[in-house]
Amino acid sequence: MLSEFLIAEMHRLERDASLPLHRQLYEALRRALLDGKLGAGERLPSTRDLAHDLGVSRNTVVAAINQLTVEGYLASRVGSGTYVNDDVPQRAPRARRQAGAVTLPAMPRLSRRGHDLVERFCASALEVQPFTPGVADFSAFPVALWQRLQNKHWRMTYPDLLDYNAAGGYGPLRRAVADYLRVFRSVQLDADQVIITTGTQQSLELCARLLADHGDTVWVEDPAYWGAVKAFMANGLQLHPVPVDDEGIAPSAADERQPPRLIYLTPSHQYPTGAVMSLARRHQLLACARAHQAWVLEDDYDSEFRFSGPPISSLEGLDVDERVLYMGTFSKVLYPGIKLGYLVVPKGLVAAFKQAHYDLNRPGQMPQQAALAEFIEMGHFSSALRRSRQSYAERRSSLLAALQPLLQAGVAHISGADQGLHLCLRLPSGVDDQALARAAGERGITVRPLSAYCLARDDLSGLVVGYGYANPKDIPRWGKVLADMVLEPPRSAAARVAAPRGGRVSGLGRPGA
Ligand SMILES: Cc1ncc(COP(=O)(O)O)c(C=O)c1O
968 MLSEFLIAEM
978 HRLERDASLP
988 LHRQLYEALR
998 RALLDGKLGA
1008 GERLPSTRDL
1018 AHDLGVSRNT
1028 VVAAINQLTV
1038 EGYLASRVGS
1048 GTYVNDDVPQ
1058 RAPRARRQAG
1068 AVTLPAMPRL
1078 SRRGHDLVER
1088 FCASALEVQP
1098 FTPGVADFSA
1108 FPVALWQRLQ
1118 NKHWRMTYPD
1128 LLDYNAAGGY
1138 GPLRRAVADY
1148 LRVFRSVQLD
1158 ADQVIITTGT
1168 QQSLELCARL
1178 LADHGDTVWV
1188 EDPAYWGAVK
1198 AFMANGLQLH
1208 PVPVDDEGIA
1218 PSAADERQPP
1228 RLIYLTPSHQ
1238 YPTGAVMSLA
1248 RRHQLLACAR
1258 AHQAWVLEDD
1268 YDSEFRFSGP
1278 PISSLEGLDV
1288 DERVLYMGTF
1298 SKVLYPGIKL
1308 GYLVVPKGLV
1318 AAFKQAHYDL
1328 NRPGQMPQQA
1338 ALAEFIEMGH
1348 FSSALRRSRQ
1358 SYAERRSSLL
1368 AALQPLLQAG
1378 VAHISGADQG
1388 LHLCLRLPSG
1398 VDDQALARAA
1408 GERGITVRPL
1418 SAYCLARDDL
1428 SGLVVGYGYA
1438 NPKDIPRWGK
1448 VLADMVLEPP
1458 RSAAARVAAP
1468 RGGRVSGLGR
1478 PGA
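At position 112 of the sequence shown (counting the first as 1) the number is 1079 in the numbering used here, and the numbers step up by one without a gap.
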């Protein structure tokens, strides 16, 4: 009976969502139509009868029926009532989530690409707790000052700052970024080559879409940064993992037989091993890119935090034939939610990138960009950087001190500790780093297994340990917990630790080496 069905549906809708009555009736009638409770050509009861049966006002019924008529489900025939249209599509009733309901086989709703994107190389849902890599301490960010600057720019906002932006970003911000990169990162550029993006992820997306076609090969470091891997996968590129050693990416003759269209690199601080790309390797890589006519994507994600050793200049600074695209982010120095980063493109690509960025992303956030430009121009960025650099340096030192027993016992060594917000605790090949990471999680520490970043190789083991977020007071204590756990691994990890244990790992080596 139609009224009973409608009453039950409306009752359910009332519980699930606070919809107005006429909307509940509209939804209930629509479901009755789609589920075939009301067949094509069938006449509806009169509005008076429906209102009576359902215990609602006639206006409510009229409103629901009018809406369904406008949408083409129903048609009124003058003098004879309202009928179900002949072309209303019907569907099989949806399986309801209720006890005893028949379970339908899972329907593959995602594309193959979509499936790969959500299934492969995912950051597991790790809790943010001491040593979570990739997380900075945002508590030091000068929120009050930032608020004042934002308010100021919102007060003075001209209408064009509220529009999309087709110029590659707010001019003064692009100039401030260019000045910073020229001085501190030895990047060769004019402000016009800077494109403000929503961060490295968007910079990578733009490069993948504009510089490569579906099926083209991209060389990625192995182990690799997941964000980059995902951006390339999402754009249908063929990933070709190239192993990283102590001097950065190390392409072999076999790799050269898979000519790249793009080469993605983190040369200043390889993510996650921390290897710094040597000068010889930089020249070799640029020559290789030239030979293959490939574009090089340089992700310089954490060079602001250099703690020891000479500053590492950008790879872009060595590029003589304009094939390096350089990208950076404000995620680490300010906070990730600011969603601002920059991409420096060779002069010949500026117009195309601006155009495509506008067409694909409709960039905006101009008042925010204006506030950031002033933040940099007034010296606040440098002060924030100085303060956080010092704070991270202290955290890094106390973590290194806490991990000393591991180095003394010869069961691990550390790579990548001169820069950034994480270090890599390298374990002998064969150690079950995933079991160690799980065990650490049970003790309230989040570290990531190095092997989880590997694409094609299985010779790496280690723990990626972040100190950006860890509370400085707690680092000695948590560091000791971590060190003790690696010295006395849980049984599941220990089984695999036993054989190779006891030596310093000498470099990353190639797969199988
Ligand atoms: C290698 C690397 N690149 C880039 C980023 C930051 O990217 P985004 O600007 O998209 O936040 C991260 C963040 O952890 C990273 O590890």
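We treat Cβ as the ideally placed atom computed from N, Cα and C, and that holds for glycine. Computed from a prediction, not measured in an experiment: that's the story for all the values here.
- Identified DSSP bridge partners for histidine 1259: In DSSP, histidine 1259 forms no bridge with anything.
- Applying the criterion that 16 or more other CB atoms from any shown protein chain within 10 Å of the CB defines a buried residue, is alanine 1031 buried or exposed? buried
- Message: Using a Cβ-Cβ cutoff of less than 8 Å, which residues in the same chain neighbour serine 1106 once the five nearest sequence positions on both sides are dropped?
- Response: Exclusion of the five residues before and after serine 1106 leaves no residue of its chain whose Cβ lies closer than 8 Å to its Cβ.
- Output the residues surrounding ligand 1, defined as those with a CB atom closer than 5 Å to any ligand heavy atom, in chain order. Gly1101, Gly1166, Thr1167, Gln1168, Tyr1192, Tyr1238, Asp1266, Tyr1268, Thr1296, Ser1298, Gly1308
- Proximity winner among Phe1108, Gln1225, Gly1101, relative to threonine 1184 (alpha-carbon distances): Gln1225
- DSSP bridge partner residues for leucine 992 (one or two, in chain order): DSSP, once it has assigned bridges, lists no residue as partnering leucine 992.
- Task: Check whether the Cβ atoms of proline 1227 and arginine 1249 sit closer than 8 Å, and answer yes or no.
- Result: no
- Message: Let me confirm a value: tyrosine 1131 is counted as buried when at least 16 other C-beta atoms fall within 10 Å, else exposed. Which label applies?
- Response: exposed
- Query: Under a three-way DSSP split, which group does arginine 1290 fall into?
  - Reply: Arginine 1290: coil per DSSP, three-state reduction.
- Item | Own chain residues within Cβ distance below 8 Å of leucine 1374, not counting five before or after | His1380, Ile1381
- Task: For my contact list, leucine 1282 and leucine 1264 are in at a C-beta cut-off of 8 Å; report their separation, rounded to the angstrom.
- Result: Actually they are not in contact, since the Cβ atoms of leucine 1282 and leucine 1264 sit about 10 Å apart, beyond 8 Å.
- Limits of the unbroken alpha helix (DSSP H) element including leucine 1112: 1110–1122
- Could I get the ranges of all uninterrupted alpha helix (DSSP H) runs contained in the segment 1157–1242, with 4 residues as the minimum, in chain order? 1167–1178, 1193–1201, 1220–1223
- Who does arginine 1393 pair with in a DSSP beta bridge? His1380, Gly1429
- Query: Are the Cβ atoms of valine 1154 and glycine 1435 separated by less than 8 Å?
  - Reply: Between valine 1154 and glycine 1435, the CB-CB gap reaches or exceeds 8 Å.
- Per-residue burial, lysine 1314 [other beta carbons within 10 Å of its own, 16 or more giving buried]: The residue in question, lysine 1314, is exposed, as its Cβ has fewer than 16 Cβ neighbours within 10 Å.
- glutamate 1188, buried or exposed, once every other Cβ within 10 Å from all chains shown has been counted against 16: By the 10 Å Cβ count, glutamate 1188 comes out buried.
- Is the beta carbon of aspartate 1053 less than 8 Å from the beta carbon of alanine 999? no
- If you drop the 5 nearest sequence neighbours on each side, which residues of the same chain put their C-beta closer than 8 Å to that of leucine 1177? Leu1316, Ala1319, Phe1320, Ala1323
- Item | Three-way DSSP call (helix, strand, coil) for aspartate 1400 in this model | helix
- Item | Status (buried if at least 16 other CB within 10 Å, exposed otherwise) for proline 1395 | buried
- Query: In the segment 1285–1367, which residue ranges form an unbroken beta strand (DSSP E) of at least 3 residues, counting only runs that do not cross its ends?
  - Reply: 1291–1296, 1308–1311
- Spatially closest choice to arginine 1329 from Ile1162, Asp1385, Asp1213, Val1028, by CA coordinates: If you compare the alpha carbons of Ile1162, Asp1385, Asp1213, Val1028 with that of arginine 1329, the shortest gap goes to Ile1162.
- Item | Where leucine 1454 falls, given that 16 or more other Cβ within 10 Å makes a residue buried | exposed
- Message: Give me, in chain order, the residues of the same chain whose beta-carbon lies closer than 7 Å to that of threonine 935; leave out the 5 immediate sequence neighbours on both sides.
- Response: The first residue shown for the chain is 968 and the last is 1480, placing residue 935 beyond what the model contains.
- Query: Hey, quick one: how far does the alpha helix (DSSP H) through alanine 1143 stretch, first residue to last?
  - Reply: 1138–1151
- Query: In terms of residue numbering, what span does the alpha helix (DSSP H) encompassing threonine 1503 cover?
  - Reply: Any answer about residue 1503 is impossible in this case: the structure gives the chain only from 968 up to 1480.
- Provide the residue span of the beta strand (DSSP E) that contains threonine 1049, from first to last. 1048–1051
- Hey, quick one: how far does the beta strand (DSSP E) through alanine 1042 stretch, first residue to last? 1041–1044
- Given a threshold of 16 other Cβ atoms within 10 Å of its Cβ, counted over all protein chains shown, does valine 1150 qualify as buried or as exposed? exposed
- Cβ-Cβ distance between leucine 1415 and valine 1431 below 8 Å: It should be noted that the sequence gives arginine, not leucine, for residue 1415. Closer than 8 Å, so yes.
- Query: What three-state label does DSSP hand glutamine 1386 in the structure shown?
  - Reply: strand
- Item | DSSP-derived helix/strand/coil call for aspartate 1267 | coil
- Item | Cβ distance (whole Å) where serine 970 is taken to contact leucine 1021 below 8 Å | 6 Å
- Task: Starting from valine 1154, follow the alpha helix (DSSP H) in both directions and report where the run begins and ends.
- Result: That residue, valine 1154, is in no alpha helix (DSSP H); it is neither H nor E in DSSP.
- Query: Where DSSP assigns a beta bridge to arginine 1415, which residues make up the other side?
  - Reply: Val1431
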